[in-house]
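Novice: Residue numbers (our numbering): -18 to 221. Glycine residues also receive a C-beta, built at the ideal position from the N, C-alpha and C atoms.
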Ligand SMILES: Nc1ncnc2c1ncn2[C@@H]1O[C@H](COP(=O)(O)OP(=O)(O)O)[C@@H](O)[C@H]1O
Ligand SMILES: [Mg+2]
């Protein structure tokens, strides 16, 4: 088994403010790797740094056998590293179909957009039904499916998913979680940042726990789910 992504001693932040203090983690090819931790721990900052929206001031990032941390974000997309940012950022005034088209603008994905959109509609029949509707008229869950679908339109080797279930009703969140194994089956590697620990550890092959910009623990989802340190610190609310 090989690592598709490896983050080594990465430091990054906003201007003078350091947020990540020597991050180390690895994601296996065609697996779900999770990054869990409370609000403000640094999950989104790490996602943005991996995607190239924030520079790392120290350390290195390898993706698919290459050092990528000096590449601009669009070049990382071209290599198949695609982020679905938190907050379901869809274009409200465009239709579902046009939103999906915007996901396949990179050179590698462009010529395949028609077959890819068919696959996305197979995965999310709801988007197929609503393809001519404006994205702004969709429910929160449907918008999240659209954001995910747009990520898939770029033909990712790896998807960085930043809190895809935040603010969604539990039944909808469950649907989003259910899609992830189907993506892995298609050979896509997933790096998932989440606060919904219980469900995340259920589906994650491996998980890293982040606190104050540092990894404090890592193990298989199964082991962490049964670790009292985790259950006491983070799982209290989500199980009730
Ligand atoms: N755009 C920003 N400018 C300055 N500080 C930020 C910005 N975004 C996040 N931070 C700070 O970085 C830290 C980590 O935030 P973030 O990575 O968003 O955490 P998480 O995604 O785990 O909730 C927090 O202290 C937060 O206040
Ligand atoms: Mg975040």
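1. Is residue -1 helix, strand or coil by DSSP?
2. Which residues in the same chain have their Cβ closer than 8 Å to the Cβ of residue 210, if we skip the five residues on either side of it in sequence?
3. Beta carbon of residue 88, beta carbon of residue 39: below 9 Å?
4. From which residue to which residue does the beta strand (DSSP E) around residue 188 run?
5. Would residue 180 pass as a contact of residue 146 if the rule is Cβ separation under 9 Å?
6. Determine the direct distance from the alpha carbon of residue 84 to that of residue 207, and round the result to whole angstroms.
7. Just to confirm before moving on: does the CB-CB distance between residue 196 and residue 5 stay below 9 Å?
8. Per the DSSP calculation, residue 7 is bridged to which residue(s)?
9. Alpha carbon to alpha carbon, what distance is there between residue 109 and residue 103?
10. Listed in chain order, which residues are found with a beta carbon closer than 5 Å to a heavy atom of ligand 1?
11. Since residue 131 and residue 81 are thought to touch, with beta carbons under 8 Å apart, how far apart are those beta carbons, to the nearest angstrom?
12. Is the separation between the beta-carbon of residue 33 and that of residue 52 shorter than 9 Å?
Specialist: In brief:
1. Residue state, collapsed to three classes: strand.
2. Once the five neighbours on either side are set aside, the close Cβ partners of residue 210 are 198.
3. No, Cβ-Cβ distance for residue 88 and residue 39 is not below 9 Å.
4. Unbroken beta strand (DSSP E) run through residue 188: 187 to 192.
5. Going by C-beta atoms, residue 180 is nearer than 9 Å to residue 146.
6. Roughly 38 Å separates the two Cα atoms.
7. Yes; because the gap between Cβ atoms is below 9 Å, this pair is in contact.
8. DSSP, once it has assigned bridges, lists -13 as partnering residue 7.
9. Taking the straight line from one Cα to the other gives about 8 Å.
10. Chain order is used for the residues whose beta-carbon lies nearer than 5 Å to a heavy atom of ligand 1, namely -5, 0, 20, 21, 22, 23, 24, 25 and 26.
11. Here residue 131 really is in contact with residue 81; their C-beta atoms are around 6 Å apart, less than 8 Å.
12. Against a cut-off of 9 Å, the Cβ pair of residue 52 and residue 33 comes out as a contact.
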